[in-house]
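The next block holds one structure in the form of structure tokens; read it before the comments.
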Amino acid sequence: PPPPPPPAEEAPAGAAANGTVITSPMAGTFYRSPAPGEPKFVNVGDKVTKGQVICIVEAMKLMNEIEAEVEGEVAEFLVEDGGAVTPGSGLIVIV
Numbered sequence: 122p123p124p125p126p127p128p129a130e131e132a133p134a135g136a137a138a139n140g141t142v143i144t145s146p147m148a149g150t151f152y153r154s155p156a157p158g159e160p161k162f163v164n165v166g167d168k169v170t171k172g173q174v175i176c177i178v179e180a181m182k183l184m185n186e187i188e189a190e191v192e193g194e195v196a197e198f199l200v201e202d203g204g205a206v207t208p209g210s211g212l213i214v215i216v
């Protein structure tokens, strides 16, 4: 019989093969905007440059800016706004 299809959880890994996954350097809370009610740093489809702030991770009440490591286009968010992250968690895919 044919092998079963891969589980849906592997989809982000497939996306990563075609782009760069920006990962969290620390444990904390992922936010797409600098403060509640303010515009998001980036949205899917936005062009980003290396070094551009694309999100923040709050750790112990400190807002840590996360910068794009590459130039490209935001393809996908791997974490919900306000979601918990750990060191190495994938945050955003840039292609």
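Numbered by the working numbering, the letters in the sequence shown go through residues 122 to 216 in order. Backbone N, C-alpha and C define an ideal beta-carbon position, used for all residues, glycine too. Note that the coordinates shown come from a computational prediction; the quantities given were computed from them, not determined experimentally.
Taking the alpha carbon of residue i as the point to measure from, which residue in the options has its own alpha carbon closest?
i       : options                               : result
Ile-177 : Gly-209, Asp-202, Glu-194 and Val-195 : Asp-202
Glu-194 : Lys-161, Val-200 and Val-214          : Val-214
Glu-190 : Thr-170, Phe-162 and Tyr-152          : Thr-170
Val-200 : Pro-146, Thr-141 and Tyr-152          : Tyr-152
Check this for me: beta carbons of residue i and residue j, under 7 angstroms apart or not?
i       : j       : result
Val-174 : Glu-188 : yes
Thr-144 : Gly-211 : yes
Ignore the nearest five residues each way along the sequence and tell me which others in residue i's own chain have a CB closer than 7 angstroms to its CB.
i       : result
Asn-139 : Val-216
Pro-160 : Ser-154
Which whole-angstrom value is the C-beta distance of residue i and residue j, which I expect to be below 8 angstroms?
i       : j       : result
Val-206 : Ala-148 : 7 angstroms
Please go through the same chain and pick out, in chain order, the residues whose beta-carbon is closer than 6 angstroms to the beta-carbon of residue i, but skip the five residues on each side of it.
i       : result
Gly-209 : Thr-144
Ala-179 : A small fix is needed here, since residue 179 is Glu in this sequence, not Ala. Gly-149 and Thr-150.
Spatial neighbours of residue i within its chain, please: CB distance less than 8 angstroms, with the 5 preceding and 5 following residues excluded, ordered by chain position.
i       : result
Val-165 : Val-195, Ala-196, Glu-197 and Phe-198
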